[in-house]
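Residue numbers (our numbering): 29 to 322.
Every residue gets a Cβ at the ideal spot worked out from N, C-alpha and C, and that includes glycine.
Before any comments, here is the structure.
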């Protein structure tokens, strides 16, 4: 696999830095294939502009393990899960990019209310030059009307990436005004200075888990996005910031997961961790969304 990847990189005349990132990614895939005990593995590499996309699957007997795509090179300026085109009962999406940065992987797991086809939660992953914005919005109630409120919130926060957290949330507040409203969690990560600026509106949680079982959460406001609160209907947005330590895990989740969510002591791969947390802490009678980054 390593020699094939090296030949691909050299034949495409890729920049040296991208060749190194591609080989590092291939080595990581090889480690996972060996750990899985696979008898056969297929790895597909496709080039798109200045970035590469790697997809792979490993086969062991009749079992096939498929990975989420691995992004090598710069992350696209705007990335958002198109939940409408994915399975309505279980949505799993992943973003990974190299070279390694303070946050290099993001995984989303989402599920609608058991009696609804449309999930009332929406998630957003959007990247600027030195900023990564993570968002979970939970429309009040369930179904299409809840989804519409959540969608308006994330669209405003995607469009206003250049704004600071507080100004972007105010903008989303006005965009959601004609809907039933939503709750919201936002984490802006300064990738250059390793700082997290976050806030919550309502009961969506934002938690940064450090090593040794410690965690940090911004002190948000008990309100509803799109509904007046405070002077002249202006939302009281409380933004706090915290350093992003090495190895930290950033979690945003709706109230479809228990607020007592904690990481297991034994750290696993991010995709496995997301699945484990979702299965352990999601409640059966609500929309549920978990966005996890490391």
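Legend entry - Rounded C-alpha distance that separates residue 311 from residue 148: 15 Å
Legend entry - Anticipated Cβ contact below 8 Å, residue 179 with residue 319, distance rounded: Contact between residue 179 and residue 319 is ruled out by a C-beta separation of about 16 Å, above the 8 Å threshold.
Legend entry - Residues sharing a beta bridge with residue 150, DSSP: 165
Inset, instruction - With distances taken Cα to Cα, identify the nearest neighbour of residue 307 among 284, 174 and 215. - result: 284
Inset, instruction - Can you say whether residue 167 is buried or exposed, counting buried as having 16 or more other CB atoms within 10 angstroms of its CB? - result: buried
Inset, instruction - Compare the Cα-Cα distances from residue 253 to each of 210, 286 and 220 and report the closest residue. - result: 210
Legend entry - residue 207 classed as buried or exposed, judged by whether at least 16 other C-beta atoms fall within 10 angstroms: buried
Inset, instruction - Drop a sphere of 10 angstroms on the beta-carbon of residue 138, count the other beta-carbons inside from all chains shown, and report buried for 16 or more, exposed for fewer. - result: buried
Inset, instruction - Report the rounded CA-to-CA distance for residue 237 versus residue 201, giving the unit in angstroms. - result: For residue 237 and residue 201, the distance between alpha carbons rounds to 28 Å.
Inset, instruction - Examine the Cβ distances between the segment 149-159 and the segment 239-246 and report whether three or more of them are shorter than 8 Å. - result: no
Legend entry - Helix, strand or coil at residue 72 according to DSSP, with G and I counted as helix: strand
Inset, instruction - Rounded to whole angstroms, what's the CA-CA distance from residue 271 to residue 146? Just pull it up for me. - result: 36 Å
Legend entry - C-beta contact flag for residue 141 and residue 315 at 8 Å: yes
Inset, instruction - Please name the residue in 217, 172 and 230 whose C-alpha comes closest to that of residue 191. - result: Nearest of 217, 172 and 230 to residue 191, Cα basis: 217.
Inset, instruction - Report the option in 163, 321, 231 and 255 whose CA atom is closest to the CA atom of residue 273. - result: 321
Inset, instruction - For residue 130, count neighbouring Cβ atoms within 10 angstroms of its own Cβ and tell me buried if that reaches 16, exposed if not. - result: buried
Legend entry - Buried/exposed call for residue 30, threshold 16 Cβ in 10 Å: The predicted model places residue 30 with a pLDDT of 49, which falls under 50 and marks its position as unreliable, so this point remains unresolved.
Inset, instruction - Give the DSSP-derived three-state secondary structure of residue 271 in the structure shown. - result: Annotated three-state conformation of residue 271 is strand, per DSSP.
Inset, instruction - Count the other C-beta atoms from every protein chain shown that fall within 10 angstroms of the C-beta of residue 239, then say buried if there are 16 or more, exposed otherwise. - result: A residue is called buried once 16 or more other Cβ atoms fall within 10 Å of its Cβ, and residue 239, having fewer, is exposed.
Legend entry - Counted within 10 angstroms of its Cβ, other Cβ atoms place residue 181 as buried (16 or more) or exposed: buried
Legend entry - Whole-angstrom distance between residue 169 and residue 143, CA atom to CA atom: 12 Å
Inset, instruction - Give the DSSP bridge partners of residue 139, in chain order. - result: 316
Legend entry - Rounded separation between residue 214 and residue 72 - CA only: 34 Å
Inset, instruction - State yes or no: is the beta carbon of residue 207 nearer than 8 Å to at least one beta carbon in chain D? - result: Judged by its chain identifiers, the structure shown contains no chain D, having just a single protein chain.
Inset, instruction - Answer yes or no: do residue 365 and residue 164 have a C-beta to C-beta separation smaller than 8 Å? - result: No answer is possible for residue 365: the residues shown for the chain start at 29 and end at 322.
Inset, instruction - For residue 293, I'd like the list of residues in its chain whose CB is within less than 7 Å of its CB, leaving aside the five on either flank, ordered along the chain. - result: none
Legend entry - Own chain residues within Cβ distance below 6 Å of residue 203, not counting five before or after: Within the same chain, residue 203 has close Cβ partners 180 and 184.
Legend entry - Where residue 295 falls, given that 16 or more other Cβ within 10 Å makes a residue buried: exposed
Legend entry - Among 247, 302, 224 and 212, the one whose alpha carbon lies nearest that of residue 255: Selected option, being the one with the closest Cα: 212.
Legend entry - residue 224 - DSSP class collapsed to helix/strand/coil: strand
Legend entry - Runs of alpha helix (DSSP H) wholly within the segment 191-254 (minimum 4 residues, chain order): 193-203
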